Every structure is written in structure tokens, then in C-alpha cells.
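Everything below concerns the one structure shown next.
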Amino acid sequence: AQTVTQSQPEMSVQEAETVTLSCTYDTSESDYYLFWYKQPPSRQMILVIRQEAYKQQNATENRFSVNFQKAAKSFSLKISDSQLGDAAMYFCAYRSALGSARQLTFGSGTQLTVLP
Amino acid sequence: EPEVTQTPSHQVTQMGQEVILRCVPISNHLYFYWYRQILGQKVEFLVSFYNNEISEKSEIFDDQFSVERPDGSNFTLKIRSTKLEDSAMYFCASNLRGQGFRDTQYFGPGTRLTVL
Chain A
3 AQTVTQSQPE MSVQEAETVT LSCTYDTSES DYYLFWYKQP PSRQMILVIR
53 QEAYKQQNAT ENRFSVNFQK AAKSFSLKIS DSQLGDAAMY FCAYRSALGS
103 ARQLTFGSGT QLTVLP
Chain B
8 EPEVTQTPSH QVTQMGQEVI LRCVPISNHL YFYWYRQILG QKVEFLVSFY
58 NNEISEKSEI FDDQFSVERP DGSNFTLKIR STKLEDSAMY FCASNLRGQG
108 FRDTQYFGPG TRLTVL
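Residue numbers (my numbering), protein chains in the order written: chain A, 3 to 118; chain B, 8 to 123.
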């Protein structure tokens, strides 16, 4: 079974600065997808960014980018120019690309605080 | 932009009572999911549903749980006899069939279930 580990329960960043959230995962599969979801205080789950394992190029979405290291099974999220609205719980998630299993496996989350 | 909706936003029930949580997935999506998040813990997969049948389920999804797509739009989760430990946020999600971004799961805002 796949596992996802987020070793930083809490992180803080000054507004306008850059922060990196860590995620590692364990799998024996070669084809899979990785995601970062954001959960603000409303508790809605919002997709931030996704990465296909077969792509070597790191995904970017505006101020959000990832550092995907497949051999190390690492998938970190970098938030540049942090804004107050970025404050939320961030979850890393894994999904197999094989067979019919499509469920997401989530990490335990990192609570990000943005300081004004 | 289309979105997944869930009702009610908050449900309070007595232990032993039956509850039905409702979801309206995005209209052209084909895969449907239920996840739950106990307060302060990670999001956990419960069940996935495709082509009018369960495609995957977790150990959590025991005989007390059932899912149904009673019509062309709703997707429901029923808990037959609620326990205190069923108190959690329940998320519905859906995605298209296919590869790439078509396969991304989009989440509803969640239903907070409180069992007294």
C-alpha cells in the first residue's frame, strides 16, 4: 500500500516571502499522480497543483511550483510571494495511474500560517 | 465554473440514527467518491463508485455504510446506525474518466456530521 508522509505539521512564512512544504511518499509503482490540495478554515478541499510521475518537468501554477524528485520519492510545494490568503492546511496526495483504483491517499497535512 | 455541491453543510444526529448525506457531482463526471476527515486528522478514502456500482472501498466502509445514485444527478452516502466515532467531515468528490487533467478529482465543500 502507498503511504504519504508530511513531516512538517506546522510552518509559517512572512507575507511576500517564499516557503517550501515537504512531502515524501512510498510506492512500488512507476506510474502515478501527485497532488497538493489546500484546505482553508472553511474546510473545503481545493486543488492547488498536480504532477504526473512520467513527466520530468516540474509543474507550476502561478505562484505555486513543485520540486518532484522521483528517485527520492519526494514532492515538495513551493509558494512564492506568499499572501495572507495562502494560510491554510496543505495536503499532499497520491493516486495510482494503474488499474481501476483511483482513490487518493493523503498525507497528514501541514498547517501554513502567513504572517503580515 | 461547475462545482460539486453537498447538503446539508452540517448534520447533527443521535447515536444509532440513520443519516443520509447528499452530493451532486459535476454533471459530466463519471467517477464519484466519498472521503471522511475526523477533526485534526488526515482525509481518508471511503468508497468509489462508477457505472452504478462500487469500484473500490476501504476498510472503514463496512456494512453500516452504503452508497447510491438514485437519479442522474445525486450521489448519496447512508450510515445506517451512527456511532460517536462517525463524527467527521464527509467530502464528496468526482472526476471525468480519462487521462491528464480530466482525471483530477474535484471536491465538494463537505458535510460536517456530529453524532451525539
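Heads up, the beta-carbon is just placed ideally off N, CA and C, and yes, glycines get one too. Every value quoted in this text rests on a predicted model; they were computed, and no experiment measured them.
Along chain A, in chain order, which residues have C-beta atoms closer than 7 Å to that of T14(B)? In chain order: nothing, as chain A lies at least about 14 Å away.
Would you please verify whether the beta carbon of K49(B) is less than 8 Å from any beta carbon of chain A? yes
Who are Y35(A)'s beta bridge partners in DSSP? E54(A) and R97(A)
Residues of chain A with CB closer than 7 Å to the CB of S55(B), please, in chain order. R104 and Q105
Minimum Cβ-Cβ distance from L46(A) to chain B less than 8 Å: Looking at the sequence provided, one finds Gln at residue 46(A) rather than Leu. Yes, contact with chain B.
Using CA atoms only, rank isn't needed, just tell me which of E63(B), G117(B), H36(B) and F68(B) is closest to K85(B). F68(B)
Suppose the cutoff is 6 Å on Cβ atoms and the five residues either side in sequence are ignored; what does the same chain contact list for K64(B) look like? V54
For T111(B), would you say it is in contact with chain A, using Cβ-to-Cβ distances shorter than 8 Å as the test? yes
Nearest residue (CA-CA) to E63(A), options K80(A), Q85(A) and R104(A): K80(A)
With DSSP as the reference, identify every bridge partner of T83(B), one or two as the case may be. R29(B) and E75(B)
Assuming I27(B) contacts T83(B) (C-beta within less than 8 Å), just tell me the rounded distance between them. 5 Å
Thinking C-alpha only, which one of V6(A), F66(A) and S30(A) is nearest Q85(A)? F66(A)
Taking only the alpha-carbon atoms, compute the straight-line gap between Q21(B) and P11(A) and give it to the nearest angstrom. 33 Å
Classify I51(A) as buried or exposed, calling it buried when 16 or more other Cβ atoms lie within 10 Å of its own Cβ. buried
Please list the partners that S110(A) has in chain B, where partner means a Cβ-to-Cβ separation under 8 Å. Q48 and K49
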